[in-house]
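Asks: Residue numbers (the working numbering): 1 to 431.
Have a look at this one.
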C-alpha cells in the first residue's frame, strides 16, 4: 500500500518555526484520509499544537488519524533509517492509540533530510511521498524510494521547450508544473481555453469534467473544437484534440456532473483544481472539496450583464466583469475568499429547494476576449505559485462599464474568525 503525506506549505512553515525555538517538543495534530482508486492512502495534516517529547497526551483518541512532526538528532541520520524505528518516536511502551503519521526532519548538517513513517496497530510502513500544496507545489520522494514522478523524455527536449524554460527561470519549476495532475471543471468557453493552454505549456496529466454537449453557439469562443463536434460531449471533443499534441499528454475526459462519484474521485486525486463553471452550485461543491482534500483552487468566473435592465425608460448599459481567485490550502477557504454571488440561493438549489434561473435572466452574453484575459491571468497566478513567487491566496477582479476602460482590483476579503468550512480543512473522506 502506497502512502502519501500531504501537508500545506503554510502549515509546515509554521511547524518548523515553532520547533526551531522549542526543539525538545513535537508538533502533533489531527489528520484526514483520502483513499484513491488504486487503494493508495493519502493522509492530510490539518493543524498542529506543540507538546514536550514523552508527553502522555501525545496520542489522544479524539481523532481517527494523527499526525506528528519532529526534528531528528544528528546521530540517527542514516540510509537504513528503517532499522532505527525504535528511536523514531521513542516508544518505550508508549505506542500510538490511533493510526499515526510521523514526519521526521533533519537538522544541522542534515538539513533538508526528511522521512515519513506510518504506524497502524503495531505495523510500520514507510511514507513514499510528501506533498506540500502551496508555494512551489513541491512533491518529495522520501529517502531512497524510487517511485517519484519522472519527467518523460519528450519534456527533456530543450529546444522545443526553450522559450518556456527561459520564461520560468529554469527547468526545475517548469518540470514541477508539467508534472502536476490538473483537473479542469467546466470545459466551456473559459475552461477550454485553460485546458488548451495547460497542454501547450507541457502539462502531462489533465482531467476534464463537464457533462454538457457542444452546441452551435459554443463555437465562437471554445478552443479545441470544430463545427463537426456539434452534439459531441465537450470533454470528449477537447480530449481527442489535445491528446495528439507532440508530447502525448494523458487526457482523461469525465462527462459527469461534479456530484458524480467518478468526478469527486478525480478531484481527490488531483494536485490542482481549476474551476471554470458558470453555475454557483457546481462552484460551491468544487470549493468545498478543495478545502476537504487540501487542493489549491484556481476559480475563474466571467460575465456580461445589463446594469439597469430593470429601470423603466432607461437604455440598458452593459457591464463586463471577471473574478480570478487562487485559493491556497491554509490561507482561508472558498467561503473566506468570496464564496458565490448568491450563497442562499445556491444552498437552496443544492438541497433541491430552488430551480436555476434561465441563462438570459442573469447574463447578456459572453466574449472570448474577456474569457481569455481571465483564463490567462489565472494561469499566470498558478505559474507564480509553482515557481515559488506566490505564497498567499489572491483575488483579482476585472470590472468594466460600457464606454470606459477596464479597471483591475486586488481584493483582500474580510476573513471571519471562525469559518465552518475552514474547520473541515484536510478532513478528507467522511469517516
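Ideal Cβ positions, reconstructed from N, Cα and C, are used throughout, including at glycine.
In this text, all values refer to a predicted model and were calculated from it rather than measured experimentally.
Whose C-alpha, out of 20, 47 and 19, is nearest the C-alpha of residue 331?
Replies: Taking the first residue of the chain shown as position 1, residue 331 is located at position 331. Among 20, 47 and 19, the Cα nearest to that of residue 331 belongs to 47.
Asks: Out of curiosity, what's the CA-to-CA distance linking residue 262 and residue 282?
Replies: For the purposes of this step, residue 262 is identified with residue 262 of the chain shown, where counting begins at 1. For the purposes of this step, residue 282 is identified with residue 282 of the chain shown, where counting begins at 1. So the alpha carbons of these two residues sit roughly 15 Å apart.
Asks: Would DSSP call residue 302 helix, strand or coil?
Replies: Your numbering for residue 302 matches position 302 in the chain shown. Residue state, collapsed to three classes: strand.
Asks: Would you mind sorting residue 173 into buried or exposed? The rule is 16 or more other CB atoms within 10 Å of its CB.
Replies: As a first step, residue 173 must be located in the chain shown, where it is residue number 173. When all chains shown are included, residue 173 counts as buried.
Asks: What residue ranges within the stretch 6 to 70 form continuous beta strand (DSSP E) runs of no fewer than 3 residues, ordered along the chain?
Replies: 25 to 35, 41 to 45 and 49 to 52
Asks: When burial is assigned at 16 or more other CB atoms within 10 Å of the CB, is residue 1 buried or exposed?
Replies: Within the chain shown, residue 1 is the residue found at index 1, counting from 1. By the neighbour-count definition (other C-beta atoms within 10 Å, threshold 16), residue 1 is an exposed residue.
Asks: Inspect the CB distances between the stretch 251 to 262 and the stretch 219 to 231 and report whether three or more fall short of 8 Å.
Replies: no
Asks: If you draw a straight line from the C-alpha of residue 293 to the C-alpha of residue 268, how long is it?
Replies: Indexing the chain shown from 1 puts residue 293 at position 293. Indexing the chain shown from 1 puts residue 268 at position 268. Cα to Cα, the separation comes out at about 6 Å.
Asks: Under 8 Å by Cβ, that's how I've got residue 439 and residue 400 pegged, so tell me the actual separation to the nearest angstrom.
Replies: Because the chain here runs from 1 to 431, residue 439 falls outside it and cannot be looked at.
Asks: Would you report the Cα separation of residue 18 and residue 69, rounded to the nearest angstrom?
Replies: If you number the chain shown from 1, residue 18 lands on position 18. If you number the chain shown from 1, residue 69 lands on position 69. Roughly 11 Å between the two C-alpha positions.
Asks: Which residue wins for smallest C-alpha separation from residue 366, given the options 405, 378 and 305?
Replies: Against the chain shown, residue 366 aligns to sequence position 366. If we check each option's Cα against that of residue 366, 305 comes out closest.
Asks: Where does residue 233 land, buried or exposed, given buried means 16+ other C-beta within 10 angstroms?
Replies: Walking along the chain shown from the start, residue 233 turns up at place 233. Buried, since its Cβ has 16 or more Cβ neighbours within 10 Å.
Asks: Between the stretch 133 to 141 and the stretch 386 to 393, do three or more beta carbon pairs fall short of 8 Å?
Replies: yes
Asks: Would you decide whether residue 301 is buried or exposed? Buried here means 16 or more other CB atoms lie within 10 Å of its CB.
Replies: In the chain shown, counting from the first residue as 1, residue 301 sits at position 301. Classification of residue 301: buried, given that the 10 Å Cβ count is 16 or more.
Asks: Ordered along the chain, which non-local residues of its own chain (more than five positions away) have a Cβ less than 6 Å from that of residue 209?
Replies: Within the chain shown, residue 209 is the residue found at index 209, counting from 1. Within the same chain, residue 209 has close Cβ partners 185, 254 and 263.
Asks: Could you spell out where the alpha helix (DSSP H) holding residue 191 opens and where it closes?
Replies: Taking the chain shown and counting its residues from 1, one reaches residue 191 at position 191. Here the alpha helix (DSSP H) through residue 191 covers 189 to 200.
Asks: Check each candidate in 299, 273 and 266 and name the one with the smallest Cα separation from residue 280.
Replies: Stepping through the chain shown from its first residue, residue 280 is reached at position 280. Looking at the Cα atoms, 299 is the closest of the given residues.
Asks: So residue 115 packs on residue 142, CB below 8 Å; how close in whole Å?
Replies: Indexing the chain shown from 1 puts residue 115 at position 115. Indexing the chain shown from 1 puts residue 142 at position 142. Between residue 142 and residue 115 the Cβ distance is about 5 Å, and since that is below 8 Å, they are a contact.
Asks: In whole angstroms, what is the alpha-carbon distance linking residue 216 and residue 327?
Replies: Position 216 of the chain shown, counting from 1, holds the residue named residue 216. Position 327 of the chain shown, counting from 1, holds the residue named residue 327. In a straight line, the C-alpha of residue 216 is about 34 Å away from that of residue 327.
Asks: Using only the alpha-carbon positions, how far apart do residue 176 and residue 190 sit?
Replies: Position 176 of the chain shown, counted from the start, is the residue given in the question as residue 176. Position 190 of the chain shown, counted from the start, is the residue given in the question as residue 190. Straight-line Cα distance between these residues: approximately 24 Å.
Asks: Shortest alpha-carbon distance to residue 323 belongs to which of 265, 71, 411 and 364?
Replies: Taking the first residue of the chain shown as 1, we reach residue 323 at position 323. The residue with the shortest Cα to Cα distance from residue 323 is 411.
Asks: Considering only the beta carbon of each residue, do residue 193 and residue 272 sit closer than 7 Å?
Replies: Along the chain shown, one-based indexing puts residue 193 at 193. Along the chain shown, one-based indexing puts residue 272 at 272. No; because the gap between Cβ atoms is not below 7 Å, this pair is not in contact.
Asks: Do the CB positions of residue 26 and residue 53 come within less than 7 Å of each other?
Replies: Position 26 of the chain shown holds residue 26. Position 53 of the chain shown holds residue 53. Contact flag set, yes.
Asks: Tell me which residues share the same chain as residue 9 and place their Cβ nearer than 6 Å to its Cβ, disregarding the 5 neighbours each side in the sequence.
Replies: For the purposes of this step, residue 9 is taken as residue 9 along the chain shown, with counting starting at 1. Cβ neighbours of residue 9 beyond the five flanking positions: 132, 134 and 135.
Asks: If I follow the unbroken alpha helix (DSSP H) through residue 376, where does it start and stop?
Replies: As a position in the chain shown, residue 376 is number 376, starting the count at 1. First-last of the alpha helix (DSSP H) with residue 376: 368 to 387.
Asks: With DSSP as the reference, identify every bridge partner of residue 273, one or two as the case may be.
Replies: For the purposes of this step, residue 273 is taken as residue 273 along the chain shown, with counting starting at 1. Bridge partners of residue 273: 183 and 297.
Asks: What residue range is occupied by the uninterrupted alpha helix (DSSP H) comprising residue 235?
Replies: Taking the first residue of the chain shown as 1, we reach residue 235 at position 235. That run of the alpha helix (DSSP H) goes 234 to 242.
Asks: For residue 378, which residues of its own chain have a beta-carbon under 6 Å away from its beta-carbon, when the five flanking residues on both sides are left out?
Replies: If you number the chain shown from 1, residue 378 lands on position 378. Counting only Cβ-Cβ distances below 6 Å, and skipping sequence neighbours, we find 298, 300 and 324.
Asks: Quick one: Cα of residue 369 to Cα of residue 221, how far?
Replies: Counted from its first residue, the chain shown places residue 369 at position 369. Counted from its first residue, the chain shown places residue 221 at position 221. Cα-Cα distance, rounded: 9 Å.
Asks: Got a sec, what are the start and stop residues for the alpha helix (DSSP H) residue 165 sits in?
Replies: Within the chain shown, numbered from 1, the residue matching residue 165 stands at position 165. Here the alpha helix (DSSP H) through residue 165 covers 162 to 168.
Asks: How is the alpha helix (DSSP H) around residue 265 delimited, first residue to last?
Replies: The sequence position of residue 265 within the chain shown is 265, counting from 1. Per DSSP, residue 265 belongs to the alpha helix (DSSP H) from 261 to 268.
Asks: Do residue 32 and residue 287 have their beta-carbon atoms positioned less than 7 Å apart in this structure?
Replies: The residue you call residue 287 lines up with position 287 of the chain shown. The residue you call residue 32 lines up with position 32 of the chain shown. In this structure, residue 32 does not lie closer than 7 Å to residue 287 by Cβ.
Asks: Going along the chain, which residues of its own chain have a beta-carbon closer than 6 Å to the beta-carbon of residue 205, five neighbours each way excluded?
Replies: Within the chain shown, the letter at position 205 stands for residue 205. Counting only Cβ-Cβ distances below 6 Å, and skipping sequence neighbours, we find 181 and 250.
Asks: What residue does the beta strand (DSSP E) around residue 282 start on, and which one ends it?
Replies: The residue given as residue 282 occupies position 282 in the chain shown. That residue, residue 282, is in no beta strand (DSSP E); its alpha helix (DSSP H) goes 280 to 292.
Asks: By DSSP's criteria, residue 102 is part of a beta bridge. Which residues make up the other side?
Replies: By 1-based counting over the chain shown, the position of residue 102 is 102. Answer is 68 and 117.
Asks: In angstroms, rounded to a whole number, what distance separates the CA positions of residue 425 and residue 45?
Replies: For this step, residue 425 is matched to residue 425 along the chain shown. For this step, residue 45 is matched to residue 45 along the chain shown. Straight-line Cα distance between these residues: approximately 9 Å.
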